[in-house]
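Numbering (our numbering), first residue to last: 37 to 282.
Ideal placement from N, C-alpha and C gives every residue a C-beta, glycine not left out.
Below, the structure is given as structure tokens:
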């Protein structure tokens with residue numbers, strides 16, 4: 037595998053056996069002109085997810101790397117382990133259910149390369165402008181986004197979007213905790229990083245059921261939100277030390 041990989045695509049997957057093959061094929065098409073790798077974390081699946089991944093790798097998908105949790109550790113831990121193992125300068129995160137569209141990744145890469153005059157960016161956060169979720173899930177998302185925005189002032193309309201492009205070095209500087217993936221924009225800004233919000237496509241799930249981000253985790257999310265608010269209030273990282281000559 038080349039050491040000059042520009043982007044690592046990170047996919048947490050729990051019981052997504054029927055969604056991964058078409059998703060990975062779409063990634064190959066979208067990134068045909070890129071130096072890339074795909075890291076799928078099988079997060080304690082009990083279906084044939086691992087079998088499907090091995091079949092794809094053995095069938096010639098040389099860009100694929102497989103990580104495995106013996107038991108489910110959650111989306112944040114899956115992303116963190118994938119990031120630690122990634123070889124790319126940039127991390128593109130995707131949900132394993134196929135609702136994120138890999139065709140959006142090249143446009144996000146163009147932004148960090150400065151093709152539209154933008155430089156020194158650490159995060160491109162996807163914004164799902166055409167949500168394809170159930171009404172209850174959209175309502176829960178609007179409530180969570182509104183509360184989070186008021187407390188954290190992270191200027192992000194859709195922090196729950198799984199499609200993000202993050203500089204690997206910036207991601208690994210962030211504090212790790214369970215569910216931290218929901219607060220990546222605020223945490224990036226805490227470290228004085230620059231963020232762009234980019235509209236992305238969103239598609240209906242075609243197989244399986246949602247495993248991450250369900251309404252029954254709302255109370256945990258609120259506790260995390262106040263924890264992140266406290267963390268940001270206590271930071272001094274938005275001021276740089278100046279070197280004195282002589």
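Just verifying my parser: in three-state terms, what is the DSSP assignment at residue 164? strand
In terms of alpha-carbon separation, which member of 221, 241, 69 lies closest to residue 264? 221
Should residue 129 and residue 60 be called a contact, given that it needs their Cβ atoms to be closer than 8 Å? no
Could you name each continuous alpha helix (DSSP H) segment of 4 residues or more that falls completely within the segment 51 to 109, going from the start of the chain to the end? 53 to 66, 85 to 94
Would you report the Cα separation of residue 136 and residue 192, rounded to the nearest angstrom? 18 Å
Less than 8 Å between the beta carbons of residue 148 and residue 165, yes or no? no
Identify which residue in 229, 64, 94, 260 has its Cα closest to the Cα of residue 208. 229
Residue from 239, 270, 216, 104 whose Cα sits closest to the Cα of residue 134: 239
If I'm right that residue 234 touches residue 143 with Cβ under 8 Å, what's the distance once you round it to whole angstroms? 7 Å
Please determine, among 270, 219, 206, 139, the residue with the shortest C-alpha to C-alpha distance to residue 120. 206
For residue 116, I'd like the list of residues in its chain whose CB is within less than 6 Å of its CB, leaving aside the five on either flank, ordered along the chain. 212
Three-state secondary structure (DSSP) at residue 45? strand
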